[in-house]
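A.B. asks:
In my numbering, the protein residues as written are 2 to 594.
1. Under three-state DSSP, which class holds residue 443?
2. Measure the C-alpha to C-alpha separation of residue 567 and residue 430 and round it to an integer number of angstroms.
3. Determine the direct distance from the alpha carbon of residue 406 to that of residue 371, and round the result to whole angstroms.
4. Within a Cβ cutoff of 6 Å, which residues of the same chain sit near residue 190, ignoring the five residues on either side of it in sequence?
5. So, using beta-carbon positions, are residue 441 and residue 468 closer together than 7 Å?
6. Straight-line CA distance for residue 242 to residue 300?
7. Alpha carbon to alpha carbon, what distance is there between residue 146 and residue 74?
8. Please report the distance separating the alpha-carbon of residue 248 from that of residue 329.
9. Identify every residue that forms a DSSP beta bridge with residue 302.
10. Assess, as a yes-or-no matter, whether the region 541-548 is touched by the region 472-481 under the definition of 3 or more beta carbon pairs within less than 8 Å.
11. Rounded to whole angstroms, what's the CA-CA distance from residue 60 to residue 124? Just pull it up for me.
12. Give the DSSP-derived three-state secondary structure of residue 407 in the structure shown.
13. Would residue 158 and residue 181 qualify as a contact pair, given that the criterion is a beta-carbon distance under 7 Å?
14. Name the DSSP beta bridge partners of residue 589, please?
15. Have a look at 66, 587 and 22 and flag the residue whose alpha-carbon is nearest the alpha-carbon of residue 367.
16. Taking 6 Å as the cut-off, does the CB of residue 44 come closer than this to any heavy atom belonging to the ligand SAM?
17. Evaluate contact between the region 523-531 and the region 487-504, counting only Cβ atoms and requiring at least three cross-stretch pairs below 8 Å.
18. Below 8 Å, how does it come out for the region 147-154 and the region 77-97: are there three or more Cβ pairs, yes or no?
19. For residue 256, list the residues DSSP reports as bridge partners.
20. As an exercise, report each continuous beta strand (DSSP E) stretch of at least 3 residues that is fully enclosed by the region 82-168, in chain order.
21. What number of angstroms, rounded off, separates the C-alpha of residue 498 from the C-alpha of residue 379?
22. With residue 400 as the anchor, note down where its beta strand (DSSP E) starts and where it stops.
23. Decide yes or no for the touch test of the region 41-52 against the region 64-72: beta carbon pairs closer than 8 Å, at least 3 of them.
24. So residue 479 is in the beta strand (DSSP E); what residue range does that whole segment cover?
25. Looking at the structure shown, is residue 267 part of a helix, part of a strand, or coil, going by DSSP?
26. Residue 463 by DSSP, collapsed to three states: which one?
27. Whole angstroms is fine: what's the gap from residue 572's alpha carbon to residue 581's?
28. Output the distance between the C-alpha atoms of residue 111 and residue 235, rounded to the nearest integer angstrom.
29. Would DSSP call residue 507 helix, strand or coil?
30. Throw me the rounded Cβ distance for the residue 336 and residue 314 pair, which I believe falls under 8 Å.
31. How would you label residue 347, buried or exposed, when you count the other beta carbons within 10 angstroms and need 16 or more for buried?
32. Based on Cα-Cα distance, which residue from 84, 15 and 397 lies nearest to residue 466?
33. Leaving out five residues before and five after residue 251 in sequence, what residues of the same chain have Cβ atoms less than 8 Å from its Cβ?
34. For residue 42, which residues in the same chain have their Cβ closer than 7 Å to its Cβ, ignoring the five residues on either side in sequence?
35. When the Cα atoms are used, what is the spatial distance from residue 143 to residue 90?
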């Protein structure tokens with residue numbers, strides 16, 4: 002029997018030492034240090050007990066005395082652990098810890114002095130070799146015994162009181178932990194009081210295997226008191242989104258209040274029914290493959306109140322820890338009715354805004370350009386961005402009399418309705434003034450007076466205006482520029498040059514500088530007029546520029562303007578790599594050979 006007890010004590014020592022090392026290595030635990038000390042003290046108790054059982058003579062007595070190092074440290078360590086674990090850290094001061102260390106020091110001193118040693122413990126004379134040694138207790142032992150048990154009692158009472166103040170969720174956990182703590186205590190009391198079979202062998206260290214396992218696995222790893230389930234239930238009940246829990250067969254097991262509100266049903270109407278039966282209406286898949294066991298969809302249905310609801314549904318499979326089998330399904334519902342209605346209203350408004358912008362912008366440029374004898378004429382207008390906002394670029398060609406045409410291209414400052422209003426004013430003012438006095442410079446001076454008189458918000462524009470007249474050799478244009486880019490004239494051999502004098506923008510000062518220039522368009526030549534949305538198009542800080550435009554225009558053969566303008570517009574889009582930042586207006590005239 003002695004051999005078996007020695008082996009059991011050694012195994013107990015190793016197990017408790019492993020628990021102590023595990024706890025000690027988990028730095029940062031509030032009660033980890035005291036728990037590690039407590040487990041280590043019992044491990045030492047078991048180690049010394051194993052050596053006491055396996056040796057004889059003076060060595061046995063030495064190990065029996067060393068055993069008390071673990072015994073006397075156990076109670077203070079348990080008290081400190083309970084104080085820290087139950088949130089009474091302020092009670093654990095250096096002075097109190099030092100006070101708890103007085104008793105172990107005194108016991109060690111008494112055992113170390115031969116004259117006082119037997120006041121604590123001694124062996125009964127006449128022990129048989131191979132038998133379990135019988136230990137007798139001296140008078141001081143009962144002081145040590147009473148003190149240690151008093152400390153254990155205080156710690157246990159504090160622990161029980163702390164647990165009793167917690168919700169019922171902790172009841173089972175508290176019962177298990179208190180029972181695990183009391184088992185070695187009771188066993189030790191029965192041994193020391195020599196009650197029945199418990200008085201033959203001290204099995205207290207062995208009983209601590211149970212206590213250590215509960216404390217480490219149950220308390221330190223927080224397996225017995227699982228606050229996550231409590232918190233999760235509270236969150237699910239209070240969360241604004243609907244949550245439905247289904248079992249492995251797709252049957253509803255539970256639903257939170259938000260899900261009941263979204264579906265307009267009672268809990269008893271949902272629980273026990275298949276999930277597919279409680280998601281009525283049309284289902285629109287949003288993202289059918291978000292990974293294994295997941296899926297997003299939108300459900301549209303009419304509730305009991307007669308209102309149409311739109312609900313986003315996200316389904317997530319629940320698996321057992323091994324992940325091999327499907328345990329159920331979690332379904333999240335989000336009522337997106339208001340958002341869906343807003344989105345539809347926004348799309349409708351966007352569509353209407355686009356339509357209005359398109360109609361308004363089309364009113365600012367002619368749908369068809371009138372013929373100019375043998376000269377071909379074409380225009381291109383492209384809005385900036387998505388085209389939702391009306392721009393200020395425009396062009397126009399109109400007949401002045403039987404022999405002459407007015408040709409105008411301009412860029413009004415700003416965007417939106419006010420820019421559109423100013424564009425209409427400029428376009429039709431030029432037409433009206435050209436009928437009264439067809440001199441381009443006089444037309445632009447008259448336009449300047451109108452803008453200064455009407456321009457309360459200090460809007461201005463740049464304008465290129467020409468009066469074109471047929472000539473036996475082609476077309477003669479008298480060109481005047483009001484702060485606008487110079488048009489480019491491409492000759493039949495591909496050479497490109499700028500024509501006209503830029504002048505002063507219209508609507509800024511009383512007397513703008515306007516210069517008239519005669520431009521002759523002959524066979525094989527093409528005149529291109531453009532707004533700054535072309536040459537000021539940028540990519541990574543680099544402008545498309547006049548030089549790039551001139552080089553491009555020189556390579557575009559033929560005098561028919563429509564394909565030339567299409568090629569220019571395509572080139573600037575390719576250069577930008579996306580939508581234009583500014584409106585673009587192009588107007589070209591060409592005289593084929």
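The C-beta atom is built at its ideal place from N, Cα and C for all residues, glycine as well.
C.D. replies: In short, the structure shows the following:
1. helix
2. 29 Å
3. 9 Å
4. none
5. yes
6. 15 Å
7. 12 Å
8. 4 Å
9. 310
10. no
11. 13 Å
12. strand
13. no
14. 379 and 529
15. 587
16. Here there are no bound small molecules, and the ligand SAM is not part of this structure.
17. yes
18. yes
19. 245
20. 122-124 and 136-138
21. 20 Å
22. 394-400
23. yes
24. 475-483
25. coil
26. strand
27. 12 Å
28. 57 Å
29. strand
30. Rounded, the Cβ-Cβ distance is 11 Å, inconsistent with contact.
31. exposed
32. 397
33. 275, 276, 277 and 330
34. 71, 74, 75 and 78
35. 31 Å
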